[in-house]
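Residue numbers (this note's numbering): 8 to 259.
Comments concern the structure below.
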Amino acid sequence: MRILLALIMVLSGVQLNAQPKLVPDVSQRQISIQSGFTGAELLLFGAIVDPQRSNNQDAIDVVVVLRGPTEPIILREKKKVAGIWINADSSDFQSVPGYYAIASSRKISDIVDVKTAAIYELGIDRLQLSPTGSIDSKKLRHFVNGLVDNRQRGGLYRDNPNGVEISEDILYRARLNIPSSVPVGDYTAETLLIQSGKVIAADDNVQISIKKVGFEAFITTLADKYSLFYGLIAVLISVLFGLAAGYIFQRL
Numbered sequence: 008m009r010i011l012l013a014l015i016m017v018l019s020g021v022q023l024n025a026q027p028k029l030v031p032d033v034s035q036r037q038i039s040i041q042s043g044f045t046g047a048e049l050l051l052f053g054a055i056v057d058p059q060r061s062n063n064q065d066a067i068d069v070v071v072v073l074r075g076p077t078e079p080i081i082l083r084e085k086k087k088v089a090g091i092w093i094n095a096d097s098s099d100f101q102s103v104p105g106y107y108a109i110a111s112s113r114k115i116s117d118i119v120d121v122k123t124a125a126i127y128e129l130g131i132d133r134l135q136l137s138p139t140g141s142i143d144s145k146k147l148r149h150f151v152n153g154l155v156d157n158r159q160r161g162g163l164y165r166d167n168p169n170g171v172e173i174s175e176d177i178l179y180r181a182r183l184n185i186p187s188s189v190p191v192g193d194y195t196a197e198t199l200l201i202q203s204g205k206v207i208a209a210d211d212n213v214q215i216s217i218k219k220v221g222f223e224a225f226i227t228t229l230a231d232k233y234s235l236f237y238g239l240i241a242v243l244i245s246v247l248f249g250l251a252a253g254y255i256f257q258r259l
């Protein structure tokens, strides 16, 4: 009997000391891009497992971030000199996500402080793009703002401060829009559980693949791996269309 009681006490202690956990999932783990693709909508949802929730009644918040793929880019600024547009200043960035979307149960500034937001890159203005080379902070901010503005206008960078719904402090869900111009590659969906300004649980195990299929995939593979052959085919097709058009106009 004493052994049984001791075992129950140990198990109870483990349960009470258990940390909150997120169990996330997504409506589809692969998005196929083919002819006529106009975009898609992803549903990210999950459950919050918190054995100590009854002992802590502070409000909880959930933040969902979807990003990928990351690549280095060179951003150039054009200026008009003597009536001619030329490339002027430029800046290199080593880790620019092709797509970044964040949804939260409230505004990020109301959930965490500036330091925590910077650590977890919560917000478009908190992205760590890893600039290289020597450039003053004012000019760097100018390039970053231009890059972000360009991506936002293209629908590739999104911020929805009320995009996460939480039910009974247990279930959550968020809908993220994927534009037709989304780059192909591997994406990571990260979910953060936040309470009293602190991240108490996080999960980034949900992976999503976006790739081209069908004729689009064939053309992409041909252009990337057999560029010379692709160029010859493009020239041949152009010549054939030109000859066909000339023949038709001669017959009219």
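Just so you know, even glycine gets a beta-carbon here, dropped at the ideal spot from N, CA and C.
Bear in mind the structure is a predicted one, so any value in this text is a computation, not a measurement.
Legend entry - Local conformation of glutamine 59 per DSSP, three classes: Coil at glutamine 59, not helix or strand.
Inset, instruction - Can you have a look at valine 5 and say buried or exposed, based on whether 16 or more other CB atoms are within 10 angstroms of its CB? - result: A question about residue 5 goes unanswered here, because the residues of the chain that appear run from 8 up to 259.
Legend entry - Other residues of its chain near leucine 239: CB distance less than 8 Å, five sequence neighbours each side excluded: The same chain holds no residue with a CB closer than 8 Å to that of leucine 239 once the five nearest residues on each side in sequence are set aside.
Legend entry - Residue closest to aspartate 136, alpha-carbon to alpha-carbon, out of Ile80, Ile201 and Tyr254: First, the amino acid is wrong: residue 136 is leucine here, not aspartate. Taking each of Ile80, Ile201 and Tyr254 in turn and checking the Cα distance to leucine 136, the smallest one comes out for Ile80.
Inset, instruction - On a CA-only basis, which of Ala208, Val88, Val213 and Ala181 is nearest aspartate 193? Give me that one, please. - result: Proximity to aspartate 193 across Ala208, Val88, Val213 and Ala181 peaks at Val213, based on C-alpha coordinates.
Legend entry - 8 Å contact criterion, which valine 70 and serine 111 should meet: CB distance rounded: Contact between valine 70 and serine 111 is confirmed by a C-beta separation of about 4 Å, below the 8 Å threshold.
Inset, instruction - Have a look at Leu129, His149, Leu50 and Pro27 and flag the residue whose alpha-carbon is nearest the alpha-carbon of glutamine 271. - result: Limits of the chain in this structure are 8 at one end and 259 at the other, which puts residue 271 out of reach.
Legend entry - Helix, strand or coil at phenylalanine 44 [DSSP, three-state]: Looking at phenylalanine 44 - three-state DSSP - the assignment turns out to be coil, as it is neither helix nor strand.
Legend entry - Length of the line joining the Cα atoms of glycine 53 and isoleucine 201: Spanning the two alpha carbons is a distance of roughly 15 Å.
Legend entry - Pair within 8 Å by beta-carbon distance, valine 206 and threonine 123: For valine 206 and threonine 123, yes; Cβs fall inside 8 Å.
Legend entry - Inter-residue spacing [alpha-carbon to alpha-carbon] between glutamate 128 and threonine 198: Linking glutamate 128 to threonine 198 through their CA atoms gives a straight-line distance of about 12 Å.
Inset, instruction - Check whether the Cβ atoms of aspartate 176 and proline 138 lie closer than 8 Å to each other. - result: Contact flag unset, no.
Inset, instruction - Given a cut-off of 8 Å, decide if isoleucine 131 and tyrosine 164 are closer than it, judged by their beta-carbon atoms. - result: Going by C-beta atoms, tyrosine 164 is nearer than 8 Å to isoleucine 131.
Inset, instruction - Excluding the 5 residues preceding and the 5 following threonine 195 in the sequence, name in chain order all residues of the same chain whose CB lies nearer than 8 Å to its CB. - result: So the list reads Leu73, Arg74, Gly75, Asp211, Val213, Gln214 and Ile215, once near-sequence residues are dropped.
Legend entry - Whether lysine 146 touches aspartate 96 by CB criterion (8 Å): Yes, they are a contact pair.
Legend entry - DSSP-derived helix/strand/coil call for tyrosine 107: Three-state DSSP puts tyrosine 107 in a strand.
Legend entry - CB of valine 191 within 8 Å of CB of lysine 218, strictly: For valine 191 and lysine 218, yes; Cβs fall inside 8 Å.
Inset, instruction - Determine the DSSP secondary structure at serine 19, reduced to helix, strand or coil. - result: Because serine 19 sits at a pLDDT of 46, beneath the cut-off of 50, its placement in the model cannot be relied upon, and the point is left open.
Inset, instruction - Would you mind stating whether glycine 90 and asparagine 184 have Cβ atoms separated by less than 8 Å? - result: With respect to asparagine 184, glycine 90 sits apart: the two C-beta atoms are not nearer than 8 Å.
Legend entry - Whether alanine 181 touches leucine 29 by CB criterion (8 Å): No.
Legend entry - Per-residue DSSP class, three states only, for glycine 249: Here glycine 249 sits in helix by DSSP.
Legend entry - CB contact flag (serine 188, glycine 161, <8 Å): Yes, the pair counts as a contact, with Cβ atoms nearer than the cut-off.
Inset, instruction - Helix, strand or coil for leucine 243, going by three-state DSSP, please let me know. - result: The answer is helix: DSSP assigns leucine 243 an H, G or I state.
Inset, instruction - Determine, using beta carbons only, whether isoleucine 115 and proline 168 come nearer to each other than 8 Å. - result: Cβ distance < 8 Å, so isoleucine 115 and proline 168 count as in contact.
Legend entry - Exposure label - leucine 260; buried when at least 16 CB within 10 Å: Outside the shown range of the chain, which is 8 to 259, sits residue 260, and nothing can be said about it.
Inset, instruction - Tell me whether the beta-carbon of aspartate 65 lies closer than 8 Å to the beta-carbon of proline 27. - result: Their beta carbons are not under 8 Å apart, which means aspartate 65 does not touch proline 27 by this criterion.
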